[in-house]
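Below is one structure; the comments refer to it alone.
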Amino acid sequence: MIDSPGLRQTLGELDKRQVGRSFSRAARGYDNAAELQRRVGDGLICGLSGSRDLSVVVDIGAGTGYCTAHLHELFPGVRLIALDIAEGMLRKALEHPQLKEGCTPLCADAEYLPLRDASADLVISNLALQWCSNLTGVLKEFHRVLKPGGRLRFTTFGAQTLQELRAAWASVDAYSHVNEFRSRAEVERCLLDAGFSGAVVSSEGRRVEYAGVGHLMRELKELGAHNLTANRPRRLTGKQRFQGMVEAYETLTGCQRIWATFEIVMADTMRTAPKE
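In our numbering, the protein residues as written are 14 to 289.
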């Protein structure tokens, strides 16, 4: 079931290591700031209640194991694999009592899954794929490891996510301070390019309130969120620019108590079984 490919180099390897380190550092405090992730995860899991006859389920970007633990309850007896690029996250996930013996932790890159072809009945991923620079490549891997008729269900952040923060930063300099996220149409195109046809892809905007810009920035840091854009600043932003961004954000929302938009893109599809 689990393969052991040799070390593979990619152009994004350095950024991937950065992603892994960032989320490993965030593992201890992640759950304190992950209310939105839990709510979105609940919706992702809820849509699986009708699934039957599963033997292998893979949670990609399992993080601290919130969705993994719910999968364990929903599908008792299946082989459950929790995969994440951050070893610290997997250690935290295994603190769930039911996951200490109920799942296989796997520290790996979603773009190069150490899993055999056609070995999984279900692959899910909750708000993790936005950190993958090559989404089509990742989805091709999902297609490869799914059995014919196997199901893929995932959520990711859409293009409108953190649009207020992006606009506030744009008012003070030309750098890219906020990660770029894919639109619903881009996600649909990546699914098609990866071999998935007939995918159901939806999106919705959620507005989350914060006590201030500082509160938002602290929460993003606690979640391990990071900026991977090519035009990101390479040195610390000065206090004057940061304060200018804060004032622009407060002007945008009309008060010190601010909000942030998170666009959730959800996809549900299957690997088509061959025609007989």
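Idealized CB from N, CA, C, for every residue including glycine.
1. Throw me the rounded Cβ distance for the L135 and G115 pair, which I believe falls under 8 Å.
2. Would you please state the rounded distance, in angstroms, between the beta carbons of V214 and V278? I believe it to be under 8 Å.
3. Count the other CB atoms, across all protein chains shown, that sit within 10 Å of the CB of A198; report buried if there are 16 or more and exposed otherwise.
4. Answer yes or no: do T81 and E177 have a C-beta to C-beta separation smaller than 8 Å?
5. What is the DSSP secondary structure of R104, counted as helix, strand or coil?
6. Going residue by residue through the region 114 to 181, where are the continuous alpha helix (DSSP H) segments of at least 4 residues, counting only ones entirely within it?
7. Output yes or no for whether 8 Å exceeds the beta carbon distance between F170 and S138.
8. Starting from D66 and walking both ways along the alpha helix (DSSP H), at which residues does that stretch end?
9. State the beta-bridge partners of S216 as determined by DSSP.
10. As a quick exercise: from S62, G251, V53, H228, pick the residue whose alpha carbon is nearest that of Y79.
11. If you compare alpha carbons, which of G227, F88, L49 is closest to R65?
12. How many Å lie between D206 and A172 at the Cα?
13. To the nearest angstrom, how far is it from the Cα of T174 to the Cα of Y262?
14. Which residues in the same chain as M283 place their Cβ atom closer than 6 Å to its Cβ, once the five residues preceding and following it in sequence are excluded?
15. On the DSSP letters alone, give me the boundaries of the alpha helix (DSSP H) that D55 sits inside.
16. Count the other CB atoms within 10 Å of the CB of K113; is the residue buried (16 or more) or exposed (fewer)?
17. Do L84 and D97 have their CB atoms nearer than 8 Å?
18. Compare the beta carbon distance of S132 and V91 with 8 Å and say whether it is the shorter of the two.
19. With 16 as the cutoff for other CB atoms within 10 Å, does R220 come out buried or exposed?
20. Are Q269 and G208 closer than 8 Å when you measure CB to CB?
21. Look up M283 in the DSSP assignment and give the residues it is bridged to.
22. Does the Cβ of D122 have 16 or more other Cβ atoms within 10 Å, making it buried, or fewer, making it exposed?
23. Quick one: give me the first and last residue of the beta strand (DSSP E) that D97 is part of.
24. Taking the C-alpha atoms as reference points, what is the distance between E222 and S146?
25. Keeping to the same chain, check which residues put their C-beta closer than 7 Å to that of L203; ignore five residues upstream and five downstream.
26. In whole angstroms, what separates the C-alpha of A273 from that of M230?
27. Apply the 10 Å Cβ neighbour rule to A280 and answer buried if 16 or more other Cβ atoms are within range, or exposed otherwise.
28. Look at P127 and L119 and say whether their C-beta atoms are less than 8 Å apart.
29. Rounded to whole angstroms, what's the CA-CA distance from V185 to P161? Just pull it up for me.
Put simply:
1. L135 to G115, Cβ: 16 Å. No contact.
2. Contact flag correct, Cβ pair sits at about 7 Å.
3. Counting the other CB atoms within 10 Å of its CB gives A198 a total below 16, which places it among the exposed residues.
4. At a Cβ-Cβ threshold of 8 Å, T81 and E177 do not count as neighbours.
5. Shown here, R104 sits in a helix according to DSSP, grouped into three states.
6. DSSP runs (the alpha helix (DSSP H)) wholly in the region 114 to 181: 148 to 158.
7. Against a cut-off of 8 Å, the Cβ pair of S138 and F170 comes out as no contact.
8. Element bounds for D66: n/a, residue is neither H nor E.
9. Looking at the DSSP output, S216 shares a beta bridge with V278.
10. Here the closest residue by C-alpha is V53.
11. If we check each option's Cα against that of R65, F88 comes out closest.
12. Going by the C-alpha atoms only, they are around 19 Å apart.
13. Between the C-alpha atoms of T174 and Y262 there is a straight-line separation of about 15 Å.
14. The answer, listed in chain order, is R164.
15. Element bounds for D55: 48 to 59.
16. Flag for K113 reads exposed.
17. Taking 8 Å as the Cβ cut-off, L84 and D97 do not qualify as a contacting pair.
18. No, the pair does not count as a contact, with Cβ atoms beyond the cut-off.
19. Flag for R220 reads exposed.
20. The Cβ atoms of Q269 and G208 do not sit closer than 8 Å to each other.
21. Residue pairing by DSSP places M283 opposite R164 in a beta bridge.
22. That one is buried.
23. Taken as a continuous stretch (DSSP letters only), the beta strand (DSSP E) holding D97 covers 92 to 97.
24. Approximately 29 Å, taken between the alpha carbons.
25. The displayed chain sequence assigns Cys, not Leu, to residue 203. Counting only Cβ-Cβ distances below 7 Å, and skipping sequence neighbours, we find L148, T149, L152.
26. Distance between the alpha carbons of A273 and M230: 11 Å.
27. Per the 10 Å Cβ criterion, buried.
28. The answer is yes: Cβ separation under 8 Å.
29. Answer to the nearest angstrom: the Cα atoms are 51 Å apart.
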